[in-house]
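Notes to accompany the following structure.
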């Protein structure tokens, strides 16, 4: 059953989705068609956009989350449990000149999100001071949205534990995450604008 979502009629969100999904290049992935490949990154992007919209996140922060979505798993070398691929992903994106942020603060927040998305929250938050982030509250807010978006795509594995989701909006999005997964490679077609 297709969810009724006003967000999927939102032309501005669609334009952001098109822009950033175009950056999810299969050549960047070791296993582009694996469970952490292109489609996973595009679903995480879409879920980030929808959560951002529901939480009235600023355009600047929505774009930062979109950037994180595009590159968060490009450093993965295998599909099993891995706590270092975030670090590898950020390094790879930086080395290849893929990161397009001008603000040092935004770059530091992006680095924090990507590098720490694959480790537990407690360990990640202990490291935040090493990222030279001025607005830690903003960074943690965006980190939590990103982690929820990435976790929501665990529906593809059948092991999503809703108790790990960090905000109520994310918990409401489980049916949507399942719908997006079942849409397969037709993610562009879920938009109705």
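Numbering (my numbering), first residue to last: 491 to 683. Where a beta carbon is used, it is the ideal one built from N, C-alpha and C, also for glycine. Given the structure is predicted, the values throughout are model-derived calculations rather than measurements.
Unbroken alpha helix (DSSP H) run spanning residue i, endpoints
i, result
"residue 513", "Unbroken run through residue 513: none, as it is neither H nor E."
"residue 519", "Where residue 519 is concerned, there is no enclosing alpha helix (DSSP H), given that its DSSP letter is neither H nor E."
"residue 626", "626 to 642"
"residue 565", "Counting along the chain, residue 565 falls outside any alpha helix (DSSP H), and DSSP gives it neither H nor E."
"residue 660", "658 to 662"
"residue 605", "594 to 606"
"residue 573", "That residue, residue 573, is in no alpha helix (DSSP H); it is neither H nor E in DSSP."
"residue 699", "What the structure shows of the chain is the stretch from 491 to 683, and residue 699 is not part of that stretch, so it cannot be assessed."
Between the CA atoms of residue j and residue i - distance to the nearest angstrom
i, j, result
"residue 517", "residue 622", "32 Å"
"residue 541", "residue 570", "27 Å"
"residue 602", "residue 510", "19 Å"
"residue 606", "residue 628", "15 Å"
"residue 681", "residue 558", "21 Å"
"residue 664", "residue 645", "8 Å"
"residue 618", "residue 637", "15 Å"
"residue 491", "residue 522", "With a pLDDT of 46 at residue 491, under the threshold of 50, the modelled position of this residue cannot be trusted, and the question is left open."
"residue 508", "residue 616", "35 Å"
"residue 581", "residue 567", "14 Å"
Own chain residues within Cβ distance below 8 Å of residue i, not counting five before or after
i, result
"residue 563", "519, 526, 527, 530, 531, 575 and 579"
"residue 506", "539, 552, 553 and 556"
"residue 586", "518"
Cut-off 6 Å between Cβ atoms - residues of its own chain near residue i, not counting five sequence neighbours on either side
i, result
"residue 609", "573"
"residue 514", "528, 531, 532 and 560"
Close Cβ partners of residue i (< 7 Å) along its chain, the five nearest in sequence each way excluded
i, result
"residue 583", "561, 564 and 589"
"residue 543", "497, 500 and 503"
"residue 662", "none"
"residue 524", "569"
Subject >> Validate contact between the stretch 576 to 594 and the stretch 668 to 681 using beta carbons, cut 8 Å, 3 pairs >> reply: Not touching, per the Cβ criterion.
Subject >> Given 8 Å, three or more beta-carbon pairs between the stretch 624 to 636 and the stretch 545 to 557 >> reply: Here the stretch 624 to 636 lies against the stretch 545 to 557, with 3 or more beta-carbon pairs under 8 Å apart.
Original post:
Per the contact definition of three or more C-beta pairs closer than 8 Å, is the stretch 650 to 663 in contact with the stretch 523 to 534?
Top reply: No: fewer than three Cβ pairs fall under 8 Å.
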